[in-house]
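Presented below is the structure to which this report refers.
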Amino acid sequence: MKRREFIQKTGIAAASAVATAAISAPAVLAKKTYRWKMVTTWPPNLPVLQTGAVRFAKRVKEATDGRIQIQVFAGGELVPPLGVFDAVSSGTVEVGSGASYYWAGKVPAAQWFSAVPFGFNPQGINAWLYSGGGLKLWEQVYAPFNLIPRPQGNTGVQMGGWFRKKMDTIEDFKGLKMRIPGLGGKVIAKAGGTVVLLPGGEIFTSLERGVIDATEWVGPMHDLRMGFYKAAKYYYYPGWHEPGTCLEVIFNKKVYDSLPKDLKIILDAVAMETNLWSLSEFEAGNGAALQELITRHKVKLIRFPEPLLEELRKMAQETLEEEANKDVMSRKVHEAFKAFKKQVGLWGSISENAYYNVIADKYALE
Ligand code: CA
């Protein structure tokens, strides 16, 4: 073969190979199907929490036209409930769902992104995360663990809990055995109580037999399902310890970063949509369940006395300062949280708070 002929032929071959690649590359990308596993911290079928994770997977599949297919495993089905963080971090699975306060032992700074005693309500935490820099900080906290977090739900303001005796003053917490996790538990311990950690399935029996004197769980919808009204007489409010718990979906960072942009946007959008769906489900379900608890089961609703709440609030502030001293990141997150709370505090008190105070009585009676 002459040199010129050779160049011509190979040149044409190379050009045609490039053309083939240019045509087929987008087609190959578009066809790529991701099959993932998602593990959660929740029991199977737990309303809104586990069903929300299942809904998330279903919506992602629909929105991506089947390009991302996620198989969901409840707590214990593939990994233990509290093994979710490590399973996603290590890449054993691609996605997880739970609440960031479960990882406090590993990552103290994570606690501020789920529930802070006397902290934000759902509106406040969403404002902080989406519009006040909170989510960027959360990403920084999880980055060393190869994780990308997104808010995926909110329980709304929780209830204060079920007590077998009346709680009149802060002194009544002395010696009280209560099942209450997280930062709220640390506050109860400061007040002289004994914090008892129990798996979900053992709480009712322990309360009924007096092994514990009190428990908190979630709100009326989930509390009704647990039957706590049969084991404790007094149902206290408000849930000062979890005033709007944010739930999370976590992605393995390498997996998430390697996705094309459109799929990242879909994952983020479905997480955001699930966040709103979850809060709406909680608000509607809690309203109906509260009516049932009062009218059918004759449950006594009691508001924690103001001086008792004030004592708890002071102890919560001390607890948060102690937690913030655990590492540099916790301090950074706590300071950002406090600054945002200050920024929105006055607005909240003359908007939401003032409006609720005006309508509160009428709202309940209409
Ligand atoms: Ca709770």
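Residue numbers (this note's numbering): 126 to 491.
Just so it is clear, CB atoms sit at the ideal spot from N, CA and C, and this is done for glycine as well.
Our contact map puts residue i next to residue j with C-beta atoms below 8 Å; I'd like the distance itself, whole angstroms only.
| i | j | result |
| --- | --- | --- |
| G278 | G369 | So it is not a contact: roughly 11 Å between Cβ atoms. |
| G364 | M284 | 5 Å |
| S222 | E373 | 7 Å |
| N271 | K379 | 6 Å |
| T399 | F210 | Not confirmed; about 19 Å, so no contact. |
| R289 | G352 | Their Cβ separation, rounded to whole angstroms, is 15 Å, which puts R289 and G352 out of contact at 8 Å. |
Using only alpha-carbon positions, find the residue among the options that is nearest to residue i.
| i | options | result |
| --- | --- | --- |
| I195 | F465, V164 and A461 | V164 |
| A234 | F462, L207, K466 and I484 | F462 |
| A413 | T399, R350 and V209 | R350 |
| G310 | L404, M440 and M454 | M440 |
| A224 | G208, H422 and F429 | G208 |
| K157 | N400, I295, F465 and L388 | L388 |
| L171 | G326, V213, F243 and V266 | G326 |
| P242 | M454, K386 and L308 | L308 |
| G317 | I295, D452, P306 and R334 | I295 |
| V266 | V453, K466, F465 and A485 | V453 |
| S405 | A485, T420, P247 and F465 | P247 |
| D348 | A188, H422 and A394 | H422 |
| Y159 | I328, A485, L418 and P385 | P385 |
Going by the CB atoms, is the gap between residue j and residue i shorter than 8 Å?
| i | j | result |
| --- | --- | --- |
| I273 | I391 | no |
| W263 | F238 | yes |
| I193 | V185 | yes |
| A339 | G281 | no |
| L426 | Y354 | no |
| K358 | T444 | no |
| A178 | R275 | no |
| M346 | N411 | yes |
| S577 | L323 | Since the first residue of the chain shown is 126 and the last is 491, residue 577 is not available in this structure. |
| W161 | G200 | no |
| Y226 | A240 | yes |
| I305 | E333 | no |
| Y82 | V320 | Since the first residue of the chain shown is 126 and the last is 491, residue 82 is not available in this structure. |
| Q236 | E448 | yes |
According to DSSP, residue i sits in a beta bridge with which residue or residues?
| i | result |
| --- | --- |
| P274 | I375 |
| G223 | E373 |
| N279 | C371 |
| M163 | V197 and V220 |
| V320 | M303 |
| W342 | Its beta-bridge partners do not exist; DSSP assigns none. |
| K425 | Y359 |
| F298 | Its beta-bridge partners do not exist; DSSP assigns none. |
| G286 | Y361 |
Express the C-alpha separation of residue j and residue i in angstroms, rounding to a whole number.
| i | j | result |
| --- | --- | --- |
| L260 | L254 | 4 Å |
| S474 | S383 | 44 Å |
| S476 | K299 | 37 Å |
| D190 | P169 | 26 Å |
| A479 | Y381 | 42 Å |
| V343 | L174 | 11 Å |
| K231 | K183 | 31 Å |
| N450 | R456 | 6 Å |
| Q468 | G257 | 10 Å |
| D297 | E436 | 12 Å |
| L433 | D293 | 7 Å |
| V312 | A229 | 15 Å |
| S215 | A268 | 12 Å |
| L471 | S403 | 27 Å |
| L301 | R438 | 18 Å |
| F407 | T217 | 31 Å |
| F198 | E219 | 12 Å |
| A356 | F429 | 19 Å |
| P206 | I337 | 23 Å |
| E187 | A394 | 13 Å |
| Q416 | T176 | 23 Å |
| A409 | A464 | 32 Å |
| I484 | N377 | 45 Å |
| E431 | F329 | 28 Å |
| C371 | T420 | 30 Å |
| S141 | E460 | At S141, the pLDDT of 48 sits below 50, so the modelled position is not reliable and the matter cannot be decided from this model. |
| A147 | V458 | For A147, the pLDDT reaches just 49, beneath the cut-off of 50, and the residue's location in the model is therefore unreliable, leaving the point undetermined. |
| K466 | Q442 | 13 Å |
| E202 | L418 | 32 Å |
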